[in-house]
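With positions in the sequence shown counted from 1, the corresponding number in the working numbering is that position plus 356.
C-beta: ideal position from N, C-alpha, C; glycine also.
Predicted model only: the values in this text are computed from it and were never measured.
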Amino acid sequence: MTNQLIETLIDQMTIAGVLGAGACFATVVTLAGPMLAEDKLGTRLKEVAKRREELRKRSRAELAKNAGSLQHKNANQFAKSLVDKLQLQKALADDTLNEKLIRAGLRGHAAQTMFYFYRAALPIAFGLVGLFYVLLLGHAWPLHFKLMAIVGGVAVGFYAPNLYLKNRADNRKTKIMEAFPDSLDMLLICVESGMS
């Protein structure tokens, strides 16, 4: 019986059959293995998408929670309501205001509203500063000096927004003029590289 077993194991047909069966098994395992294994990439992509959605919901909730408490937004709303109620755009109308604002780099309706607000609020604020200055330090001054201090504060407050716009426009113009040679060089380099 051992001889017969040894002859069967050494037989070429048996060896070819065993090798063929092994090759078929290896082929099936190789092809079916990825299908039977877990889809780690798909699972990871689903986890990432879920986490991204959670972060998006959390950030939206934080924005919604903090939206009402933003001081900048409230200040702009207060200024807009005051300008609209007092009709300051008609009272302080300036034909060249949009051009001045654009030169200063301030665009949009909000910049115009804030300019009118400051044009109305700063004379009052500077006038009050002048009044407090006179009350605290100007006891020995004659009446006309006291009035000049108060009226001077009102005048400075009235012209301060225009002065701010002019200074900001001049600074912006200077920066543009300083950067112009560099931008011209970059334009020349781009044109030359496009021609070659």
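A straight line joining the alpha-carbon of Ala-466 with that of Tyr-472 spans about 10 Å. Closest in C-alpha terms to Ile-506, from the list Glu-409, Pro-479, Val-439, Asn-527, comes Pro-479.
Under the three-state reduction of DSSP, Leu-448 is assigned to coil, being neither helix nor strand. In the DSSP annotation of this structure, Arg-463 is not part of any alpha helix (DSSP H), being labelled neither H nor E.
Secondary structure of Ala-525 (DSSP, three-state): helix. Here the alpha carbon of Val-374 sits roughly 31 Å from the alpha carbon of Glu-394. Annotation: the continuous alpha helix (DSSP H) that includes Gln-368 extends over 368-392. Leu-453 is not a Cβ neighbour of Gln-443, given a cutoff of 9 Å. In its chain, beyond the 5 residues on either side, no residue has a beta carbon closer than 7 Å to the beta carbon of Arg-412. For the 9 Å CB-CB criterion, Gly-486 and Gly-509 form a contact. Contact between Arg-528 and Gly-483 fails: their C-beta atoms lie close to 30 Å from each other, not under 8 Å. Here DSSP, grouped into helix, strand and coil, assigns Gln-443 to coil.
The alpha-carbon of Arg-416 is positioned some 58 Å away from that of Ala-379. For the 9 Å CB-CB criterion, Leu-521 and Arg-459 form a contact. Spatial neighbours of Asn-432 in its own chain (CB-CB distance under 8 Å, excluding positions within 5 residues in sequence) are listed in chain order as Ala-466, Thr-469, Met-470. DSSP places Gly-550 in the helix class (H, G or I) of the three-state scheme.
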